[in-house]
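Under our numbering, residues 3 to 392 are what the sequence shown spells out, in order.
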Amino acid sequence: MKIGISCYPTHGGSGVVATELGIELARRGHEVHFISYSIPFRLKAYQENVYFHEVQVISYPLFQYPPYTLALSAKMAEVADEHGLDVLHAHYAVPHAVCAYLARQVAASTKLRVATTLHGTDITLVGSDQSFRTLTRFGIDQSDGVTAVSDYLKRKTVEVFHPQRAIQVIPNFIDTERYRPRNGDDPCPRERFARKDQRVLVHISNFRPSKRVEDVVRVFAAVRREVPSVLLMVGDGTERTKSRDLAVELGVERHIRYLGQLDAVEDVLRHADLFLLTSENESFGLAALEAMSSGVPVIGTTAEGIPELIREGKTGYMLPVGDVAGMARHAIALLTDEDLRCQMGKEARKVAVEHYEASKIIPIYEEFYARITGQTIPARGYLAPPEGLA
Ligand code: GMT
Numbered sequence: 003m004k005i006g007i008s009c010y011p012t013h014g015g016s017g018v019v020a021t022e023l024g025i026e027l028a029r030r031g032h033e034v035h036f037i038s039y040s041i042p043f044r045l046k047a048y049q050e051n052v053y054f055h056e057v058q059v060i061s062y063p064l065f066q067y068p069p070y071t072l073a074l075s076a077k078m079a080e081v082a083d084e085h086g087l088d089v090l091h092a093h094y095a096v097p098h099a100v101c102a103y104l105a106r107q108v109a110a111s112t113k114l115r116v117a118t119t120l121h122g123t124d125i126t127l128v129g130s131d132q133s134f135r136t137l138t139r140f141g142i143d144q145s146d147g148v149t150a151v152s153d154y155l156k157r158k159t160v161e162v163f164h165p166q167r168a169i170q171v172i173p174n175f176i177d178t179e180r181y182r183p184r185n186g187d188d189p190c191p192r193e194r195f196a197r198k199d200q201r202v203l204v205h206i207s208n209f210r211p212s213k214r215v216e217d218v219v220r221v222f223a224a225v226r227r228e229v230p231s232v233l234l235m236v237g238d239g240t241e242r243t244k245s246r247d248l249a250v251e252l253g254v255e256r257h258i259r260y261l262g263q264l265d266a267v268e269d270v271l272r273h274a275d276l277f278l279l280t281s282e283n284e285s286f287g288l289a290a291l292e293a294m295s296s297g298v299p300v301i302g303t304t305a306e307g308i309p310e311l312i313r314e315g316k317t318g319y320m321l322p323v324g325d326v327a328g329m330a331r332h333a334i335a336l337l338t339d340e341d342l343r344c345q346m347g348k349e350a351r352k353v354a355v356e357h358y359e360a361s362k363i364i365p366i367y368e369e370f371y372a373r374i375t376g377q378t379i380p381a382r383g384y385l386a387p388p389e390g391l392a
C-alpha cells in the first residue's frame, strides 16, 4: 500500500508512534510518505520505502498567523495525487484529521481514504476545548476509519463527542530489540550515571504541568533518605525549572541529572532500576512501555489509560495522582528488595514482548487499512520485492 502519514514531528508520544509505525510499515514493503513541517525526529537515517515531504507556509504581510493547516492540506492532496496514496493517516486529531478530510476533497484521486489515530490530549484537552469541539467531531466522523491508543481514550471520545464513526482500539507498540534489558556490552555503561552502590530512577516526559514532575522530585527525595540513588530526568518543558527549584529546596539537586531531550532514550532506560510516571493525564503512557520493554518496573498513577498498561503488583505499582508518600513507599520497597525488583522487571519485559511488540500490532494496522480501502494485504511478514525484480 501507499500510505501518507501526518504527525507532529517534535518530541512527543504521538509523533514517536506515527514515525515508528511508518518505519515498520516500510520494512514490511509498504511505501510511506511523511508529510509535516519538519522531518520527524526519529526519522533521521535513510530508509528504503520512506519519503518525507516538507510543508512550507508562505509568509505575507497580511498574515498575522501563517495558514499552516491549509498548506498542510494542499501538500497532502498533492502527495496523494502524485504518489497514488491509498491512505492518509492523521496522527493527533487537531488539526490533522480535518486537514486530511480537506485533502481528500481536493485530491483528484478517488481512491484516497482517511485514517485518524487519536492519541490523548487531542481529545481530552485540545480537541474538546469549546473552540475546537465541533471541528474535532467533524474530523472524526469524516474519517474512513478511526483508532484510539487505549480503551480509556475510546470511552472518553465517545463520552465527549458522541461520534457516529466507530473507533477501533489499537494500542501503542514497541521495538523490543531496541528497548531491551541491559547486558555486559552496552556502548553507554551504567557507571556514567551512577556509582555501583546507587540505584537509578528515571523519568521521561515533555515536562508539561500534567506530568507533575514536581511529584517525581518529591518521591525521589523521600527515596534518597532510605536508598543511595540518583534520578535521571529526560526531556524538557515548562515545568523543568520548577522541578529544579524544588530539588534545591529539598536538598537533592546534586543527585538529579537533567539530561534534556534525547533521541535515543533506550540507552538511558536500560540502566534504570525504576521508572516513575506521576502524570494526571496519560491516555496510554508510551514512556512507561519503553521502560517495561527495557526490563524496568514502573511506579505510576492510576490516571486514565495507565491501568491498561501496568499490571498492579506484577510489573509495578499504581497510586492515586499526587500520592507522593505512597509512591515513595512502594519505590523504597522495590529498590531494597533486589529479587522483587528483578522479578517485576522480567515480568514487565514479558508483558511488553507478549502484548505490545511491534510485530504483533503492525498487522492490526494493516488489517485496519485493508478494511477501509477494501484491499487485501499479503500474508504477514511479506516484503514486496524491489521494482523490476518482481
Ligand atoms: O503526553 C503528551 O503530552 C504527549 C502526547 C502526544 O500527543 O505526543 O502523548 C499522547 O500520545 C502518546 C502516544 O500515543 C501517549 O502515550 C500519551 O499517553 C498521550 N498523552 C496524554 O494522553 C497526555
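Every residue, glycine too, gets a C-beta built ideally from N, C-alpha and C.
A quick note: this is a predicted structure, and the numbers were derived from the prediction, not measured.
Closer than 7 Å by C-beta to Glu-50: which residues in its own chain qualify, once you throw out the five before and the five after it? Chain order, please.
Only Ala-28 meet the Cβ criterion.
Secondary structure at Gln-170, three-state DSSP: helix, strand or coil?
strand
Taking Leu-74 as the reference, which of Pro-322, Ala-99 and Asp-88 has the closest Cα?
Ranking Pro-322, Ala-99 and Asp-88 by Cα distance to Leu-74 puts Ala-99 first.
Short of 6 Å in beta carbon distance, which residues of its chain neighbour Leu-385, apart from the five on each side in sequence? Order them along the chain.
For Leu-385, the predicted structure reports a pLDDT of 44, less than 50, and the residue's modelled location is therefore unreliable. A value from the coordinates is still provided. For Leu-385, where only same-chain residues beyond five positions count, the Cβ hits under 6 Å are Gly-31.
Nearest chain C C-beta to Phe-277 closer than 8 Å, yes or no?
You won't find chain C in this structure, because it holds only one protein chain.
Residue from Leu-155, Gly-24 and Val-221 with nearest C-alpha to Ala-330
Val-221
Status (buried if at least 16 other CB within 10 Å, exposed otherwise) for Tyr-67:
exposed
The alpha helix (DSSP H) enclosing Thr-21, as first and last residue numbers
Residue range 15-29 is occupied by the alpha helix (DSSP H) that includes Thr-21.
Per the contact definition of three or more C-beta pairs closer than 8 Å, is the stretch 245-256 in contact with the stretch 268-277?
Between the stretch 268-277 and the stretch 245-256, the count of C-beta pairs closer than 8 Å stays below three; the two stretches do not touch.
Is it true that the stretch 160-180 meets the stretch 362-382, where meeting means three or more beta-carbon pairs spaced less than 8 Å apart?
yes
Can Ala-19 be considered in contact with ligand 1, in the sense that its beta carbon sits closer than 7 Å to one or more heavy atoms?
Per the sequence presented here, residue 19 reads as Val, with Ala not at that position. Correct: Val-19 has its Cβ closer than 7 Å to ligand 1.
Going by DSSP in three states, Glu-33 sits in which element: helix, strand or coil?
strand
Should His-85 and Thr-119 be called a contact, given that it needs their Cβ atoms to be closer than 8 Å?
Against a cut-off of 8 Å, the Cβ pair of Thr-119 and His-85 comes out as no contact.
Please name the residue or residues paired with Glu-359 in a DSSP beta bridge.
Per the DSSP secondary-structure output, Glu-359 pairs in a beta bridge with Ile-176.
Looking at the strands, I want to know which residues DSSP matches up with Val-116.
Leu-90
Hey, is Ser-285 close to ligand 1, as in C-beta under 7 Å from one of its heavy atoms?
yes
Where does Leu-264 fall in DSSP's three states?
coil
Do you know whose CA, among Phe-286, Ala-117 and Ile-7, lies nearest Thr-375's CA?
Per the Cα distances, Ala-117.
Leaving aside the five residues before and after Ser-145 along the sequence, list all residues of the same chain whose C-beta is less than 7 Å from its C-beta, in chain order.
Ala-99, Val-116, Ala-117, Thr-118 and Arg-167
Could you give the distance in angstroms between the alpha-carbon of Gly-17 and the alpha-carbon of Leu-264?
In a straight line, the C-alpha of Gly-17 is about 14 Å away from that of Leu-264.
Do you know whose CA, among Gly-129, Asp-88, His-332 and Ala-335, lies nearest Ala-110's CA?
Asp-88
Give me the DSSP bridge partner(s) of Glu-314.
Gly-318
Could you tell me which residues DSSP pairs with Met-235 in its beta bridges?
His-205 and Tyr-260
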